[in-house]
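S.K.: Here it is: the structure, laid out below.
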Amino acid sequence: MPSAPPPGRTGPWPAPGPDPAGPQPVRKPSEPPPVSGPDPAELPQDRSQAILEAAKQIGALLKRAGHPFALAGSVAVYAHGGSRYLQHDADFAILPDDAEAVAATLREAGLEVRTPPEDWLIKTTCHGQNVDIIFSLAHQPVTREMLDRAHVLPVDSVLMPVLSPTDLIQSLISAFSEHYCDFGSVLPVARAVREKVDWDAVRAACGAEPMPAAFLFLLERLNVIDAREGQP
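Here the numbering used here is used: the first residue of the sequence shown is 35, the next is one more, and so on.
Okay, here's the thing in structure tokens:
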């Protein structure tokens, strides 16, 4: 028996026609509803390459403007021969007194500059990737001497100054504390650049602190670095 027409309507109730959107898949009662997600076309095809592109563009801007700087972080490790698997951001070290001038250079290039609550860096975004412009590494201001020790290396075909392996490792190990002690993230970095690092200088700079000392001991036990003379 045909159903009655809705209130206020006269005439026979038409039979349901085809769905203009086309046939719909039949879902079993036990199946969960489909979950919508981001358009695959909008997802980065290669996150590491996107970070490299961001590093190249920011590095080129800083070079053209004449700002002293050095590439830091995971992209610096890659430049020194480490893994290309980059999953965080691009980092640059600059002098504290140059922060405002660097921020102005980035804004002139059409990039938004953000000042986070931390007082040791500014941030921007390039190619959809976060870029940290740092003027204090492991609670120590970036110095002219540190930037002078940087190595000029190709970063995916673009030459730019890169923190020396010793300064890079020292900045990572010095950051260890009771509140942050992720040995697992720094261990592969130490393995990748171990032959290029002045480990005596690293020990002298931060080996007296308990967490850095523990990491250095771990490197010795894993035969990543040689033990100091007089130690087993």
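We put the CB at the ideal spot given by N, CA and C, even for glycine.
All values derive from a computational prediction rather than experimental measurement.
1. For Pro175, which three-state DSSP category applies?
2. With a threshold of 8 Å, are at least 3 pairs of Cβ atoms found where one atom belongs to the region 186-198 and the other to the region 211-224?
3. Quick one: any contact between the region 110-122 and the region 146-161, if contact means 3 or more CB pairs under 8 Å?
4. Check each candidate in Pro244, Glu179, Pro222 and Glu229 and name the one with the smallest Cα separation from Ser267.
5. So for Asp216, helix, strand or coil by DSSP?
6. For the region 82-119, which segments carrying the beta strand (DSSP E) assignment without a break, of at least 3 residues, lie completely within its bounds, in sequence order?
7. Just to confirm before moving on: does the CB-CB distance between His161 and Ala84 stay below 7 Å?
8. Please confirm if the region 81-96 is in contact with the region 123-134, defined as three or more CB-CB distances below 8 Å between the two stretches.
9. Whose C-beta lies closer than 8 Å to the C-beta of Ala138 among residues of the same chain, with five residues either side of it excluded?
10. Among Ala88, Leu155 and Asp260, whose alpha-carbon lies nearest the alpha-carbon of Leu145?
11. When burial is assigned at 16 or more other CB atoms within 10 Å of the CB, is Ser219 buried or exposed?
12. Give the single residue among Pro130, Asn164 and Val109 whose Cα lies nearest to the Cα of Pro175.
13. Could you tell me the boundaries of the beta strand (DSSP E) in which Val165 lies?
14. Assign Glu254 to one of three DSSP states: helix, strand, or coil.
15. Quick check: the Cα distance between Val186 and Arg262, rounded to an integer number of angstroms?
16. Within 10 Å of its beta-carbon, does Leu256 have 16 or more other beta-carbons around it, so buried, or fewer, so exposed?
17. Considering Pro195, what are the terminal residues of the beta strand (DSSP E) in which it resides?
18. What is the residue span of the beta strand (DSSP E) that Thr200 lies within?
19. State the beta-bridge partners of Pro222 as determined by DSSP.
20. Return the first residue and the last residue of the alpha helix (DSSP H) that Ala239 is part of.
21. Can you tell me whether Phe103 is buried or exposed, with buried defined as 16 or more other CB within 10 angstroms of its CB?
22. Cα-Cα, which of Asp182, Val258, Glu254 and Arg118 is closest to His101?
23. Does the beta-carbon of Phe251 have 16 or more other beta-carbons within 10 angstroms, so that it is buried, or is it exposed?
M.R.: In this structure, then:
1. If you number the sequence shown from 1, residue 175 lands on position 141. DSSP places Pro175 in strand when its eight states are reduced to three.
2. no
3. Two segments are said to touch when three or more pairs of C-beta atoms, one from each, lie closer than 8 Å; by this definition the region 110-122 does not touch the region 146-161.
4. Residue 267 lies beyond the range of the chain shown here (35 to 266); nothing can be said about it.
5. In the sequence shown, the residue the question calls residue 216 occupies position 182. Correct three-state label for Asp216: coil.
6. Given a length threshold of 3 residues, each whole run of the beta strand (DSSP E) inside the region 82-119 is given here in chain order: 103-106.
7. Here the question's residue 161 lines up with position 127 in the sequence shown. Here the question's residue 84 lines up with position 50 in the sequence shown. Taking 7 Å as the Cβ cut-off, His161 and Ala84 qualify as a contacting pair.
8. Touching, per the Cβ criterion.
9. Locating residue 138 in the sequence shown gives position 104, counting from the first residue. Within its own chain, no residue has a Cβ closer than 8 Å to the Cβ of Ala138 once the five positions on either side in sequence are excluded.
10. As a first step, residue 145 is located in the sequence shown; it is residue number 111 there, counting from the start. That would be Ala88, whose Cα lies nearest to the Cα of Leu145.
11. The residue given as residue 219 occupies position 185 in the sequence shown. By the Cβ-count criterion, Ser219 is exposed, with fewer than 16 other Cβ atoms from all chains shown falling within 10 Å of its own Cβ.
12. Working through the sequence shown from its first residue, we reach residue 175 at position 141. Pro175 has its Cα closest to that of Pro130, out of Pro130, Asn164 and Val109.
13. Numbered from its first residue, the sequence shown carries residue 165 at position 131. Segment Gln163 to Ile168, the beta strand (DSSP E) holding Val165.
14. Taking the sequence shown and counting its residues from 1, one reaches residue 254 at position 220. Three-state DSSP puts Glu254 in a helix.
15. Translated into the one-based positions of the sequence shown, residue 186 becomes position 152. Translated into the one-based positions of the sequence shown, residue 262 becomes position 228. Val186 and Arg262 have their alpha carbons spaced roughly 31 Å apart.
16. Walking along the sequence shown from the start, residue 256 turns up at place 222. Flag for Leu256 reads exposed.
17. As a first step, residue 195 must be located in the sequence shown, where it is residue number 161. Run containing Pro195: Val192 to Val196, per the beta strand (DSSP E) assignment.
18. Indexing the sequence shown from 1 puts residue 200 at position 166. Taken as a continuous stretch (DSSP letters only), Thr200 belongs to no beta strand (DSSP E), being part of the alpha helix (DSSP H) at Pro199 to Ser208.
19. As a working note, residue 222 is residue 188 in the sequence shown. Pro222 pairs with nothing; no bridge assigned.
20. Here the question's residue 239 lines up with position 205 in the sequence shown. Per DSSP, Ala239 belongs to the alpha helix (DSSP H) from Trp233 to Cys240.
21. As a first step, residue 103 is located in the sequence shown; it is residue number 69 there, counting from the start. Classification of Phe103: buried, given that the 10 Å Cβ count is 16 or more.
22. For the purposes of this step, residue 101 is taken as residue 67 along the sequence shown, with counting starting at 1. Among Asp182, Val258, Glu254 and Arg118, the Cα nearest to that of His101 belongs to Asp182.
23. On the sequence shown, residue 251 is found 217 positions in, with the first residue counted as 1. Under this definition Phe251 is an exposed residue.
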